[in-house]
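The structure under discussion appears below in the form of structure tokens.
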Amino acid sequence: MRILYYGLLRVALFFVLWWVGLQLGLGMVMATLAAAILTFAVSYLFLGRLRRGASQDLSAAWEGRPGRRGRTEAADAEAEDAYTQGRFRE
1 MRILYYGLLR
11 VALFFVLWWV
21 GLQLGLGMVM
31 ATLAAAILTF
41 AVSYLFLGRL
51 RRGASQDLSA
61 AWEGRPGRRG
71 RTEAADAEAE
81 DAYTQGRFRE
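If you're matching positions, the sequence shown starts at 1 in the UniProt record's numbering and goes up one per residue.
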């Protein structure tokens, strides 16, 4: 959930800074570049705890899921294990 909150906060911050840049008369390209750079800087400086929490949530989600194997892949793995069993040092 923290990753969703962190992402939405960064997107909202980008659009606010982009709008401010347009209101200041920077032009479309410069406002976009300035908003991207400032969003990165602000999120790096002030959203560290949220970024670390989002990173931990994402890491926990990926660690808990084993790879899925189809029937043929599982059969191939079993055949390879049976063939190599006892032939190599572990």
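Just so it is clear, CB atoms sit at the ideal spot from N, CA and C, and this is done for glycine as well.
Exercise. Counting only the same chain and skipping the five closest in sequence on each side, list residues whose C-beta sits under 7 Å from that of Ala35.
Key: The residue labelled residue 35 in the question sits at position 35 within the sequence shown. Excluding positions up to five away in sequence, the list reads Phe14, Leu17, Trp18 and Gly21.
Quiz item: Leu24 to Val11, Cα distance in whole Å?
Solution: Translated into the one-based positions of the sequence shown, residue 24 becomes position 24. Translated into the one-based positions of the sequence shown, residue 11 becomes position 11. About 20 Å.
Practice problem: Note down, in chain order, each residue of its chain lying with its Cβ closer than 6 Å to the Cβ of Arg2, except the 5 sequence neighbours on either side. | Solution: Position 2 of the sequence shown, counted from the first residue, corresponds to residue 2. Hits under 6 Å: Gly53, Ala54 and Asp57.
Exercise. May I have the straight-line CA-CA distance separating Gly38 from Leu9, to the nearest angstrom?
Key: Within the sequence shown, numbered from 1, the residue matching residue 38 stands at position 38. Within the sequence shown, numbered from 1, the residue matching residue 9 stands at position 9. According to the sequence provided, residue 38 is Leu. The question's Gly does not apply to it. The straight-line gap from Cα to Cα measures roughly 13 Å.
Practice problem: Report the rounded CA-to-CA distance for Gly86 versus Glu80, giving the unit in angstroms. | Solution: Here residue 86 is taken as the residue at index 86 of the sequence shown, counted from 1. Here residue 80 is taken as the residue at index 80 of the sequence shown, counted from 1. Distance between the alpha carbons of Gly86 and Glu80: 12 Å.
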